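Below is one structure; the comments refer to it alone.
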Amino acid sequence: RTIDDMHSMICSFYQYLIDMQLASRNPAAPVKVKYKSPRMQILEQAEVRRFLASLQGEWLEFFFYLAIHTGMREGELFGLRWSDVKLPQAAISVQTQIQWLYDPDRPETRSRYVFQSVKTDGSDRRVAIGPAAVDRLLAQQRRLTVQRLVMGDKWDELDLVFPNNLGRPLEPSNVSRSLHRFLKRAG
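No gaps in the numbering here: position 9 of the sequence shown is 9 in our numbering, and each next residue is one more.
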């Protein structure tokens, strides 16, 4: 998709130059983009069970459990706040996501995050969760309470359900690396 977007932008730029009479032709127009996105692999039920079993005790265990059982997107999970979790109703209100942006002005991190509303009105939704998810959320709350106490003043309180060790949003690349490691371990 990014390649298509870049090609479209270049074509638009050359069309602008032609319209302004600064160029006579669009050299990008005849170029055909030949990009085939990788095929998504869907796990079978037995593979999902094996994957979840292999996560027991891992720091991202409940992150992946909730992703599988709710269908929430990565950015929605990164941006999930405790204020969106309704334990007595066994529901999650999906309203916010975290979008990671490249920031050339911050060379120490090269990216920053922003909280934003989910993409479309249809994306803003209420997701029912079962008793097992409620139990795991309660365990996550207890784990974060301990983490907050351990980190003290270093903790950045953003009300996140899945923060890093300092209370800030998880880095997608770290989660992705962990996912690949967990999948390989699960077989």
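Note that beta-carbon positions come from the ideal geometry of N, C-alpha and C, so glycine has one too.
Fair warning: this is a prediction, and the values are worked out from it, not measured in the lab.
Query	Result
Using DSSP bridges, identify the partner residues of Q116.	Q97
Look up L160 in the DSSP assignment and say whether it is helix, strand or coil.	strand
Report back the beta-carbon spacing between F63 and L52 to the nearest angstrom; my notes put them in contact at under 8 Å.	With 8 Å as the limit, F63 and L52 do not qualify as a contact, their Cβ atoms being about 12 Å apart.
Only counting the same chain, and skipping five residues up and downstream in sequence, which positions put a Cβ closer than 7 Å to that of R125?	V94
Counting pairs of beta carbons, one from the segment 17-24 and one from the segment 41-58, are three or more of them closer than 8 Å?	no
By the DSSP assignment, the beta strand (DSSP E) with A128 in it spans what residues?	R125 to A128
Between which two residues does the alpha helix (DSSP H) holding M6 run?	T2 to D19
Taking the straight line between their C-alpha atoms, what separation do you get for Y166 and A29?	One detail in the question is off: residue 166 reads as Leu in this sequence, not Tyr. L166 and A29: Cα-Cα distance of roughly 49 Å.
Could you give the uninterrupted runs of the beta strand (DSSP E) lying entirely in the segment 34-86, keeping only those of 3 residues or more?	none
Thinking just about the alpha-carbon of each residue, which of A23, Q140 and N26 is nearest to the one in L80?	Q140
Rounded C-beta distance between L101 and V114? I'm assuming under 8 Å.	6 Å
Check for me: the alpha helix (DSSP H) holding V31 runs from which residue to which?	Neither: V31 is in no alpha helix (DSSP H) and is coded neither H nor E.
Assign F162 to buried or exposed, taking buried as 16 or more other Cβ atoms, counted over all protein chains shown, within 10 Å of its Cβ.	buried
Suppose you measure from the CA of R177 to the CA of K184; what does that come to, to the nearest Å?	11 Å
For A132, write down the residues that DSSP places opposite it in a beta bridge.	Answer is none; A132 lacks a bridge partner.
For Q89, collect the residues of the same chain with a Cβ closer than 6 Å to its Cβ; drop the 5 residues on either side in sequence, then sort them by chain order.	none
Could you tell me the alpha carbon to alpha carbon distance between E61 and M72, rounded to whole angstroms?	15 Å
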